[in-house]
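Below is one structure, written out as structure tokens; the observations come after it.
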Amino acid sequence: MSESDTPTLAQAALASVRGASAEARLIAAEEVLEQLLARGFGECLGTGTETDPGQRVTAVLSGLPEIASLASLSGRTMYHDPALLSRTYARILDRKDVPAMLMAEVIRSNSRDYPRPVLVELFEAPPFDLAPAVIEAALKTMAAGEEYRDISFTTTSLGTVYLFSSLHLERSYAAFLAEQDEAFAMNP
Amino acid sequence: MRMICNIASEWIERAAKASGLEAELTRRGFLKLSVCALSGLAFLDLGDAFGEQAPLVILDNAKGIILADPTRCVGCQRCELACTEFNDGRAQPSLARIKISRVLHFGPSGPTGGDGMHGDWGDGLVLQGVCRQCPHPVPCATACPQNAITVEPETGARVVDPAVCVGCRLCQGACPWGMLSFDEQAGVATKCFLCHGHPKCVEACPAGALHYVPWRDLTRDGGAQRSGLSVISPESAKACVDCHVPAGKTSVK
Amino acid sequence: MVATRGGFAGKVLRVDLSTGKIGVQDMVERYEAVLGGAGLGYRVLWDEVPAGTGPFDPANKLVFATGALVGTSVPCNGRATVTTIFPTCWPRPLVGSGHMGGHFAAKLKYAGYDALIVEGKADKPVWIMIRDARVEIRDAGHLWGSGIRRTTLELSQEMGPDCVVAAIGQAGESQAPMGMVINSVSHSAGGVGGVMGAKNLKAVAVQGSGAVRIAGDKAEWEKLIKFHLSILGGNNQHVVPSFPTPQAEYYNPASRWVGQPGRRWGAAKPPVELAGDIYDLNRIAYRTNSAAFFLGEEAWKYTVRGNGCTACPIRCHTMLRVPSVAVKYGIPDMAQNTCIALQFGRMFFKQLIGRKGGEAAIEACMVGMHLADDMGVWSNYGQLQRDLRKLYEGGYLKTKLGSKEYASIPWDKYDNGDPAFLLDLIPRIANRQGELGDVLSRGTGAIFDTWSIPEDEWANDHTTTYWKMGHPKHHANEDDGQCGVIINTQYNRDAQCHSHTNFVRNGLPLAVQKKLATEIWGSPDALDAPGDYTPANIYKAKRARWSLVRKELHDALGVCNWMGPWVASPRWERGYAGDDSLESKFLSLATGRPIDREELDRAGERIFTLHRALTIRDMGQVDMRTKHDLVPPWVFEDSKGAAPFTKGTIRMDQADVARAMDLFYEVMGWDRATGAPGRARYAALGLADVGERLAAMGFTPEDGK
Numbered sequence: 556m557s558e559s560d561t562p563t564l565a566q567a568a569l570a571s572v573r574g575a576s577a578e579a580r581l582i583a584a585e586e587v588l589e590q591l592l593a594r595g596f597g598e599c600l601g602t603g604t605e606t607d608p609g610q611r612v613t614a615v616l617s618g619l620p621e622i623a624s625l626a627s628l629s630g631r632t633m634y635h636d637p638a639l640l641s642r643t644y645a646r647i648l649d650r651k652d653v654p655a656m657l658m659a660e661v662i663r664s665n666s667r668d669y670p671r672p673v674l675v676e677l678f679e680a681p682p683f684d685l686a687p688a689v690i691e692a693a694l695k696t697m698a699a700g701e702e703y704r705d706i707s708f709t710t711t712s713l714g715t716v717y718l719f720s721s722l723h724l725e726r727s728y729a730a731f732l733a734e735q736d737e738a739f740a741m742n743p
Numbered sequence: 256m257r258m259i260c261n262i263a264s265e266w267i268e269r270a271a272k273a274s275g276l277e278a279e280l281t282r283r284g285f286l287k288l289s290v291c292a293l294s295g296l297a298f299l300d301l302g303d304a305f306g307e308q309a310p311l312v313i314l315d316n317a318k319g320i321i322l323a324d325p326t327r328c329v330g331c332q333r334c335e336l337a338c339t340e341f342n343d344g345r346a347q348p349s350l351a352r353i354k355i356s357r358v359l360h361f362g363p364s365g366p367t368g369g370d371g372m373h374g375d376w377g378d379g380l381v382l383q384g385v386c387r388q389c390p391h392p393v394p395c396a397t398a399c400p401q402n403a404i405t406v407e408p409e410t411g412a413r414v415v416d417p418a419v420c421v422g423c424r425l426c427q428g429a430c431p432w433g434m435l436s437f438d439e440q441a442g443v444a445t446k447c448f449l450c451h452g453h454p455k456c457v458e459a460c461p462a463g464a465l466h467y468v469p470w471r472d473l474t475r476d477g478g479a480q481r482s483g484l485s486v487i488s489p490e491s492a493k494a495c496v497d498c499h500v501p502a503g504k505t506s507v508k
Numbered sequence: 003m004v005a006t007r008g009g010f011a012g013k014v015l016r017v018d019l020s021t022g023k024i025g026v027q028d029m030v031e032r033y034e035a036v037l038g039g040a041g042l043g044y045r046v047l048w049d050e051v052p053a054g055t056g057p058f059d060p061a062n063k064l065v066f067a068t069g070a071l072v073g074t075s076v077p078c079n080g081r082a083t084v085t086t087i088f089p090t091c092w093p094r095p096l097v098g099s100g101h102m103g104g105h106f107a108a109k110l111k112y113a114g115y116d117a118l119i120v121e122g123k124a125d126k127p128v129w130i131m132i133r134d135a136r137v138e139i140r141d142a143g144h145l146w147g148s149g150i151r152r153t154t155l156e157l158s159q160e161m162g163p164d165c166v167v168a169a170i171g172q173a174g175e176s177q178a179p180m181g182m183v184i185n186s187v188s189h190s191a192g193g194v195g196g197v198m199g200a201k202n203l204k205a206v207a208v209q210g211s212g213a214v215r216i217a218g219d220k221a222e223w224e225k226l227i228k229f230h231l232s233i234l235g236g237n238n239q240h241v242v243p244s245f246p247t248p249q250a251e252y253y254n255p256a257s258r259w260v261g262q263p264g265r266r267w268g269a270a271k272p273p274v275e276l277a278g279d280i281y282d283l284n285r286i287a288y289r290t291n292s293a294a295f296f297l298g299e300e301a302w303k304y305t306v307r308g309n310g311c312t313a314c315p316i317r318c319h320t321m322l323r324v325p326s327v328a329v330k331y332g333i334p335d336m337a338q339n340t341c342i343a344l345q346f347g348r349m350f351f352k353q354l355i356g357r358k359g360g361e362a363a364i365e366a367c368m369v370g371m372h373l374a375d376d377m378g379v380w381s382n383y384g385q386l387q388r389d390l391r392k393l394y395e396g397g398y399l400k401t402k403l404g405s406k407e408y409a410s411i412p413w414d415k416y417d418n419g420d421p422a423f424l425l426d427l428i429p430r431i432a433n434r435q436g437e438l439g440d441v442l443s444r445g446t447g448a449i450f451d452t453w454s455i456p457e458d459e460w461a462n463d464h465t466t467t468y469w470k471m472g473h474p475k476h477h478a479n480e481d482d483g484q485c486g487v488i489i490n491t492q493y494n495r496d497a498q499c500h501s502h503t504n505f506v507r508n509g510l511p512l513a514v515q516k517k518l519a520t521e522i523w524g525s526p527d528a529l530d531a532p533g534d535y536t537p538a539n540i541y542k543a544k545r546a547r548w549s550l551v552r553k554e555l556h557d558a559l560g561v562c563n564w565m566g567p568w569v570a571s572p573r574w575e576r577g578y579a580g581d582d583s584l585e586s587k588f589l590s591l592a593t594g595r596p597i598d599r600e601e602l603d604r605a606g607e608r609i610f611t612l613h614r615a616l617t618i619r620d621m622g623q624v625d626m627r628t629k630h631d632l633v634p635p636w637v638f639e640d641s642k643g644a645a646p647f648t649k650g651t652i653r654m655d656q657a658d659v660a661r662a663m664d665l666f667y668e669v670m671g672w673d674r675a676t677g678a679p680g681r682a683r684y685a686a687l688g689l690a691d692v693g694e695r696l697a698a699m700g701f702t703p704e705d706g707k
């Protein structure tokens, strides 16, 4: 391969990750490898030699400063460009198929980072798009599961339910923040 | 732009091509035209037409045009302001070459009241005034007695040359859509010149209501808002007759 | 001919309705030090309107003032301030301003004027015609009795479709203190309509063909404009969207940036889909939908588009089409507004407040906007609505109103949350009919006076959100602890300051906000987590000063304090920082005269201090601390008994608030005991004449009575 006009392996790997991120998709090393092979990088990756192409790809990806990685629920490492697909959104995507984990992730990060409790109806809206029955089932799962012990709820004086993580928010403070959030809609 | 220097058949062919009328010219029609034109010339004594006073006739179409979507316009006037601030160094909607202020409150029909009114006080639609970069015949250019309206090569936009314009305002009267502005400070007319291919108004619109697209003919939609005061100088009229005298008809006196 | 600066038009128009005299004076020479807007208004009042002048006296003046940046493409400009002796200020009317957006301010600049000062009183109804240099007082007899809508239509027929009309309706005509003036459909200045009515001034209509000159290099100007656009967020400069998106790390469900791709302006024909890059500068207008924010999801299908002030890309007014209201209530099916004015109708009904008001709330809003924005009835930042609810639910009306009048009011509709109730109530207020109509038309103070209800009954009840002097809180301790409290003590009407709340509600995580706070105000302790307040400190006082100074600056330059300052931004690559010097950069380029942030802030402080001086003079009192800078008792209570400085309460501590005021007076350079500036302070701010005058009257701390 000539140096001048063909992209390097690193550039091509970056392009693969960016392509997926632009479509709001996480990408695993295997898929990056597939794309690189399809683009003719087989030789560079040491296909047919002792070098494991998969490990080579992983090494290249780890070396890219523009790329973030995520320890996926699936056990694999997933990659994305945070400039196109934020870390926050990547975590949401990764947990999309397990509503309880998805909700717990959102509740915990909100309780820790802002900090604030989360209106339960948030999960009905995009990008979560969970049906009320699904949310209800997830809430039941979380009530029962040891790993969700920190997930709690508080109800405002108008009857609105907010969820929070007791790891990051005390109950009384979460209750206050929930009331305040509700009141702020009437505090322009 | 083509100046009438001779009436060679080659020239008429090029002229037809430039105005998209190539297909309409049969070989017979083409010859007929040129024969009549020749005889017409003899009668008209157009010797003067080939001197400095020879009229400018714009035949080439523009390359780009600004398209406006009234359903997206949010009535902010940022397009008008970008036009004059970034081009003229002053904020002056009355000078703007895209026209919002005059239709913003009540729409093009003005404060009629009743149903059917547009603008902020009506149904909300803002019918933006945008220069159509007219194909031949270009009303503003044709009306100009000074040949001050020419074509800018990069975009094909019809532009007023302020060094030539004497401020007679005949172009303003000629435009069927009232798109010519008059710069009181400089004493010259001005119009949309497509900002060298990067229209400032398009860039400024916060609602995606304006787009810069390849030129298409928007003059035949019957949407002319006012009858133009179309004044054509005798020299220009004679030049029109060169191309527009049908084969076999009476010669022009 | 005096060379004008860029930015400024250079002229102030004076119209004396008593004599019919119309004159023009130089703006720059006389008023440049106070910039324009409220600054110019305060200066005129100081120089020309004596203490003790009543709001409806012919001697009162109305100063419609724009700013140097108005009429340009600086994002979020287009504002006019209307300064006068403010009628709802209780018990004694003092200086105050209404703030009006729309297209009036820009048009006045294009006509060639930085401000219009209206003096005296016409002997019969008139309107003022302004067309560039041509200004006339014309007969408005045929318009008197008409609403704002018809007035605008008829004056536009007379002047031309591009004119902008600022008009009063029946409320202003009947000299209701709660009357307002409106231009461009939905843009109101509260509290000043009655003053216009008292002058027999029905409307001001403006056409302008001129220019606002940019003195600086136009390429530099373009670059700065584009930079400003690139750091804009959604409404109120909320810098994160309300929804999770791949494009952002942070989101906040309470953010006013609600334009999620996939939403649509459902009542546009055909509907407009919001799609694509949320940071695209050609899509800024899609970020905000005030109707959806305040009224819920249902509002999207009624949204035609956004609307707003000249040159602002935010479009915080939402244009709604709700077909059902035409048949149900006999009103137009279209209305538009933002914020409280959008919610004017539903706020009367306890069943319709809160997020889940649904379709009924939307209908009530349509009825409210139709009536209030045509008859010109102000809400006093929702105090009108809260007052009615308390008066009714508290049983006051049953005892205070005569039984005949009480019976004539359709309370059954009110009890049922039926918006048709407003078809009776609002005209009552506008026309000052009966005792209820009259009392409500005069502001909260009239409730105390007319019915001998002690002010304490409001001041002790947090549900009224009453603050002082006849007006409610406006982003006080519930938003921003001591900083909010300080700000709310400073004015003679509700504070109308958003500098502080725009920042604390911008949606960024607290840690990021604190990092930005360190850069801007010197310490992360300049703000607290909501409801997790810490004691007063100098940084909070500095932030309060900054908030007030910038609000006055915005009101003087004609930019929107509901958006600015722009110290935070959506840009992660900037660490979410905006630019604290944006105002001074724009003014420098516009005028051609470089001015840095500190010098411009000093002008803002000069303006704010002039407001202080006017208040002192007209109260006849130097002790602002105990007589003016008041905090209502409910601020120091908590319904659950939680103590101040515990997590989960907005309850303040009296000693701590006193300390906060100490610190505030210290950063302002004012006397600690009285909260009043001394002669030296006035002089340092270029107000030596003001200081001397007050000193002579014994109203400076060192010469105090």
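Chains A, B and C, in that order, give the protein sequences.
Heads up, the first sequence stops at 743 in our numbering, and the numbers go up one at a time, no gaps.
Heads up, the second sequence stops at 508 in our numbering, and the numbers go up one at a time, no gaps.
Heads up, the third sequence stops at 707 in our numbering, and the numbers go up one at a time, no gaps.
From the three backbone atoms N, C-alpha and C, an ideal C-beta is built for every residue, glycine too.
The criterion of a C-beta distance shorter than 8 Å is not satisfied by Trp380/C and Gly149/C.
A straight line joining the alpha-carbon of Asp417/C with that of Lys400/C spans about 14 Å. Under the Cβ criterion of 8 Å, Arg650/A is not counted among the residues facing chain C. Spatial neighbours of Thr340/C in its own chain (CB-CB distance under 6 Å, excluding positions within 5 residues in sequence) are listed in chain order as Ser292, Cys318, His319. Straight-line spacing of the CA atoms in Asp655/C and Ile488/C works out to 13 Å.
With a beta-carbon spacing of about 7 Å, Leu19/C and Val120/C fall inside the 8 Å limit used to define contacts. For Asp705/A, the closest Cβ of chain C is not nearer than 8 Å. Only exposed fits Gly524/C, as fewer than 16 other CB atoms lie within 10 angstroms of its CB.
Three or more beta-carbon pairs separated by less than 8 Å link the segment 316-330 of chain B to the segment 386-401 of chain B, which places the two stretches in contact. Listed in chain order, the beta strand (DSSP E) elements of length 3 or more contained wholly in the segment 621-649 of chain A are 623-626, 632-635. Residue environment: Gln239/C is assigned as buried (16 or more neighbouring CB atoms within 10 Å of its CB, all protein chains considered). Asn284/C reaches chain B at Cys460, Pro461, Gly463, counting residues in chain order whose Cβ is nearer than 7 Å.
Residues of chain A with a Cβ closer than 8 Å to the Cβ of Thr90/C do not exist, since the nearest Cβ in that chain sits about 19 Å away.
Between Tyr468/C and Ala478/C, the C-beta spacing is not below 8 Å.
Within the DSSP secondary-structure output, Phe683/A pairs in no beta bridge.
In this structure the segment 161-177 of chain C does not lie against the segment 362-372 of chain C, because fewer than three pairs of beta carbons, one per stretch, are closer than 8 Å. Apart from sequence neighbours up to five positions away, the residues of its chain that approach Met621/C with a beta-carbon distance below 8 Å are Arg94, Leu96, Lys629, His630, ordered along the chain. Straight-line measurement puts the Cα of Gln209/C at about 21 Å from the Cα of Asp343/B.
Short of 6 Å from the beta carbon of Leu283/C, and not among the five residues preceding or following it, lie these beta carbons of its own chain, in chain order: Leu231. In this structure, the beta-carbon distance from Ala558/C to Ile216/C does not fall below 8 Å.
Going by C-alpha positions, Asp534/C is about 22 Å away from Ile706/A. Within the segment 308-321 of chain C, Gly308, Asn309, Gly310, Cys311, Thr312, Ala313, Cys314, Pro315, Ile316, Arg317, Met321 place their CB atoms closer than 9 Å to a CB of chain B, listed in sequence order.
For His630/C, no beta strand (DSSP E) segment is defined, and its DSSP state is neither H nor E. Listed by position along chain C, the residues whose Cβ is nearer than 8 Å to that of Tyr728/A are Gly533, Asp534, Lys649, Gly650. Proximity of Ile647/A to chain C, defined by a Cβ-Cβ separation below 8 Å, is satisfied. Considering only Ala135/C, His556/C, Lys228/C, Ala35/C, the residue with the shortest C-alpha distance to Pro315/C is Lys228/C.
Residue contact check for Leu386/C against chain B: no CB pair falls below 8 Å.
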